[in-house]
Amino acid sequence: MAGLKQRSVGIVMNGVTGRMGYRQHLVRSILAIREQGGVRLPDGTVVWPEPILVGRNEAKLAAIAKDHGLDNWTTDLDAALADPAAEIYFDAQVTSRRVEGVRKAVAAGKHIYTEKPVAEDVGTALELARLAASAGVKVGVVQDKLFLPGLLKLKRLVDGGFFGRVLSVRGEFGYWVFEGDWQEAQRPSWNYRSEDGGGIIIDMFCHWRYVLEDIFGPVRSVQALAATHVPERVDEGGRPYACTADDAAYGIFELDGGIVAQVNSSWATRVFRDELVEFQVDGTEGSAVAGLRRCRVQHRSVTPKPVWNPDLPATEDFRGQWQDVPDNAEFDNGFKAQWELFLRHVVADGEFPWDFLAGARGVQLAELGLRSAHEGRRIAVEPLSL
Ligand SMILES: NC(=O)c1ccc[n+]([C@@H]2O[C@H](COP(=O)([O-])OP(=O)(O)OC[C@H]3O[C@@H](n4cnc5c(N)ncnc54)[C@H](O)[C@@H]3O)[C@@H](O)[C@H]2O)c1
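Read left to right, the sequence shown gives residues 10 to 395 (the numbering used here).
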């Protein structure tokens, strides 16, 4: 990299032994950015992330560091934050530990990037947003679904006017999470205990807020029904535990313009879909079905006219009547793409709209979804401000 100015940025990465912290953030984002030679700014400067691994388990941290040729790791968060070379604090701990970590980072004057949800309740999320604003540090929250190829193509369709007037959105998210008895669960057990920050509403409604708002428009109300379909599971240590959190949520959201969005989220459903999440959008001019990677459309001009007749077997190949939306671009890993934007935001003031207030909006929708489920009624979503 002769002739290029390198700008190192120390990043305290807390929770790097966890699923998200390790795979998506360390390996697929920060290390991938290093492998590609850093992030190049318009003036030629190369931003070079230097991870400082933080976690609770010394042996796991040492193993990760060794596997990836890294040497900066510690179990002492305070010591990591005291390092002047660390400019960013990143948090991928369990949700219930996040607020404490973020508060310490604000006090240490670090810029902060965090997994969602930013906090477990909207009051605390707003408080963190205010704290960060008054400390003058830059903040961001992971909103990875916006960078999925399928949803990027869906947004392109909306922006290009494909749908005419959007009428409705129907989302289906979920898969079977094993109970942990005869087959190991593929998600950590804290997800199924509300006292540990678990629950599918707090996990997924944060995502649905920004997906719906960035692609279609503001969410004006929520009505949700929550269920704990599987009442007992077996944890990582082989001990049975009671599930105290919701493992499925059936939500209806009203958006601006009369758009009705209905999203099912479930860890207790078996997949008969092409992808783990899919959204069908129906509009006056056409419809689309978007998943993680694919997006298919049917324009009104080629819409078939099925006639209901249960006496005859289906004569049409309905799925075959849809057309793939081409990529027309290269799509990078969504977590990495957002990390690059955050690094540009920190070093060169690049735009980064997904701040703590955006994070708080996600938490707000989750909180109101839980309240709606508890009270059995539809609840208005009021605008939030700092
Ligand atoms: N953006 C997304 O798509 C996405 C997906 C899954 C999870 N998440 C978020 O990422 C965060 C981490 O989730 P995960 O699935 O990686 O969890 P995980 O259990 O695999 O990892 C949790 C991390 O927190 C640490 N930790 C600290 N205190 C802990 C405690 N008391 N109990 C257990 N772990 C503790 C662990 O050491 C580990 O590093 C959560 O806030 C979750 O909401 C985001």
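Beta carbons: idealized from backbone N, C-alpha and C, even for Gly.
Helix, strand or coil at residue i [DSSP, three-state]
| i | result |
| --- | --- |
| H216 | helix |
| S394 | coil |
| T104 | helix |
| E263 | strand |
| P249 | strand |
| F361 | coil |
| I97 | strand |
| F351 | helix |
| A258 | strand |
| V48 | strand |
| A72 | helix |
| F281 | coil |
| E287 | strand |
| R387 | coil |
| I20 | strand |
| P399 | The structure shown does not extend to residue 399, since the chain is modelled only from 10 to 395, so the question has no answer here. |
| I42 | helix |
| R323 | Sequence inspection shows Ala at residue 323; the Arg mentioned does not correspond to that position. It is coil, neither helix nor strand. |
| E67 | helix |
| P158 | helix |
| L13 | coil |
| R302 | coil |
| Q271 | strand |
| H120 | strand |
| E398 | Residue 398 falls outside the range modelled here, since the chain spans only 10 to 395, and no answer is possible. |
| Q330 | helix |
| V34 | According to the sequence as given, residue 34 is His; it is not Val. Helix at H34. |
| L62 | strand |
| V311 | helix |
| G132 | helix |
| G371 | helix |
| G149 | strand |
| V8 | Nothing can be reported for residue 8, as the shown portion of the chain is limited to 10 through 395. |
| I343 | Going by the sequence as given, residue 343 is Gly instead of Ile. G343 falls in the helix class under three-state DSSP. |
| G27 | coil |
| G110 | helix |
Rounded distance between the beta-carbons of residue j and residue i, thought under 8 Å
| i | j | result |
| --- | --- | --- |
| A233 | G359 | Actually they do not touch by this definition, with Cβ atoms about 36 Å apart. |
| F262 | A251 | Wrong, their Cβ atoms sit about 30 Å apart, outside the cutoff. |
| T133 | D100 | Actually they do not touch by this definition, with Cβ atoms about 14 Å apart. |
| I268 | V178 | 7 Å |
| Q373 | V131 | 4 Å |
| G206 | S275 | Their Cβ separation, rounded to whole angstroms, is 19 Å, which puts G206 and S275 out of contact at 8 Å. |
| V115 | G368 | No, V115 and G368 are not in contact; Cβ-Cβ is about 14 Å, not under 8 Å. |
| V243 | A277 | That pair is no contact at about 15 Å. |
| R174 | T312 | Going by Cβ atoms, the distance from R174 to T312 rounds to 16 Å, so no, they are not a contact pair. |
| L176 | D52 | L176 to D52, Cβ: 47 Å. No contact. |
| L157 | A117 | With 8 Å as the limit, L157 and A117 do not qualify as a contact, their Cβ atoms being about 33 Å apart. |
| E44 | I20 | Not confirmed; about 16 Å, so no contact. |
| V18 | V356 | 7 Å |
| G266 | G208 | No, G266 and G208 are not in contact; Cβ-Cβ is about 30 Å, not under 8 Å. |
| R302 | W185 | That belief does not hold up - the Cβ atoms of R302 and W185 are roughly 21 Å apart, past 8 Å. |
| W57 | R32 | Actually they do not touch by this definition, with Cβ atoms about 22 Å apart. |
| W438 | V103 | Because the chain in this structure spans residues 10 to 395, residue 438 falls outside the shown range and cannot be described. |
| L163 | C304 | 5 Å |
| T253 | R309 | Actually they do not touch by this definition, with Cβ atoms about 47 Å apart. |
Min CB distance residue i to chain C below 9 Å
| i | result |
| --- | --- |
| G247 | The structure shown contains no chain C, having only a single protein chain. |
Say whether the stretch 360-370 touches the stretch 138-153, bearing in mind that this needs 3 or more beta-carbon pairs closer than 8 Å, one atom from each stretch.
In short, these stretches touch, since the Cβ pair count reaches three.
Could you tell me which whole alpha helix (DSSP H) segments of length 4 or greater appear in the stretch 171-247?
209-224
Does the contact criterion of 3 or more C-beta pairs under 8 Å hold for the stretch 297-304 versus the stretch 246-265?
no
Contact the stretch 58-76 vs the stretch 84-93: 3+ CB pairs below 8 Å
yes
Per the contact definition of three or more C-beta pairs closer than 8 Å, is the stretch 325-332 in contact with the stretch 13-33?
no
Is it the case that the stretch 135-144 contacts the stretch 225-239, given that we only count it when at least three CB pairs across the two stretches are under 8 Å?
The stretch 225-239 vs the stretch 135-144: no contact.
So, do the stretch 209-221 and the stretch 151-164 have three or more beta carbon pairs nearer to each other than 8 Å?
yes
With three or more beta-carbon pairs closer than 8 Å as the criterion, would you say the stretch 280-293 touches the stretch 190-208?
The stretch 280-293, when compared against the stretch 190-208, does not touch it at the 8 Å Cβ threshold.
Would you be able to state if there are at least three C-beta pairs under 8 Å between the stretch 36-56 and the stretch 86-98?
no
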